[in-house]
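What follows is a set of notes on a single structure, which appears directly below.
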Amino acid sequence: MTDEKDEDLETLAEPTQECEVEPKPKAKQYKKADPHDKRHKKERTPAQIEAFKKCREKREENRLLRKQEREQQSEAKKKHKEEKIVKKAVRIKKKEKLEQAIIESSEDEDSDNDPDIQAVKKYVAKKKQKRRQKKQAPPPSTPAPSPQNEQYEEPSLNYFFA
Numbered sequence: 010m011t012d013e014k015d016e017d018l019e020t021l022a023e024p025t026q027e028c029e030v031e032p033k034p035k036a037k038q039y040k041k042a043d044p045h046d047k048r049h050k051k052e053r054t055p056a057q058i059e060a061f062k063k064c065r066e067k068r069e070e071n072r073l074l075r076k077q078e079r080e081q082q083s084e085a086k087k088k089h090k091e092e093k094i095v096k097k098a099v100r101i102k103k104k105e106k107l108e109q110a111i112i113e114s115s116e117d118e119d120s121d122n123d124p125d126i127q128a129v130k131k132y133v134a135k136k137k138q139k140r141r142q143k144k145q146a147p148p149p150s151t152p153a154p155s156p157q158n159e160q161y162e163e164p165s166l167n168y169f170f171a
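Under the working numbering, the final residue of the sequence shown carries the number 171; numbering is consecutive throughout.
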C-alpha cells in the first residue's frame, strides 16, 4: 500500500505537458490619427461650445456657494462651542464663589468643623431671591387689541328640515 502511494506521488511530481501556461497576449498598439487621416473627432458646434462654457461657469459658481456654506457652518459650530465653554466657565465660577463664601463664613467663626449650614442656607436664599426677581420681571408684551374695534355678534342659527 505504501508503494502505491509513493508511486502516485512520483507521478504527480513529474511535470506534464498538459499544464503549460500560455503567455498573455500584449495589447495592440494603435496608430495616432494624422491630420490627413479619415479618423478624426467630430468638432463641436459653436452652440455646443457656448453651452459648455455656461456649464463650467455655473459649476464654478455652485462650487463657490458650497464652499461659503461650509465656512459659515464651521463658524457657527465654533461660536456654539465657545458659548458652551463660556457657560461652563460661568458655572464653575459660581461654584467657586459658593465654596469661597462657605470657607469665609467658617473662617469668621474660627472653627475647624464642617462649614456652617446656616451660612450656606443664607447664601443660597440670596441667590434664589435674585433669580425670582429676574423671573418676576414681566417681558415687554404687545398691546392687547382694543375692545372698541371689535364688536360681538351672536351667531345666527338656521335650521333646515327635510
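We put the beta carbon where it would ideally sit given N, CA and C, even for glycine.
Could you tell me the alpha carbon to alpha carbon distance between E52 and E92, rounded to whole angstroms?
Distance between E52 and E92, taken at the CA atoms: about 59 Å.
Here's a check: name, in chain order, each residue in its chain whose Cβ is nearer than 6 Å to the Cβ of A146, leaving out the five neighbours to either side.
Residues of the same chain with a CB within less than 6 Å of the CB of A146, apart from the 5 flanking positions on each side, do not exist.
Can you tell which of K143, Q142, L107 and K144 has its C-alpha closest to the C-alpha of E130?
Rather than Glu, the amino acid found at residue 130 in this sequence is Lys. If we check each option's Cα against that of K130, L107 comes out closest.
Do you know how far the Cα of P164 is from the Cα of F170?
19 Å
Would you identify the three-state DSSP class for L73, choosing helix, strand or coil?
helix
Can you give me the C-alpha to C-alpha distance between D46 and Q57, rounded to a whole angstrom?
25 Å
Look at A110 and Y132 and say whether their C-beta atoms are less than 8 Å apart.
Closer than 8 Å, so yes.
By DSSP, does F61 sit in helix, in strand, or in coil?
helix
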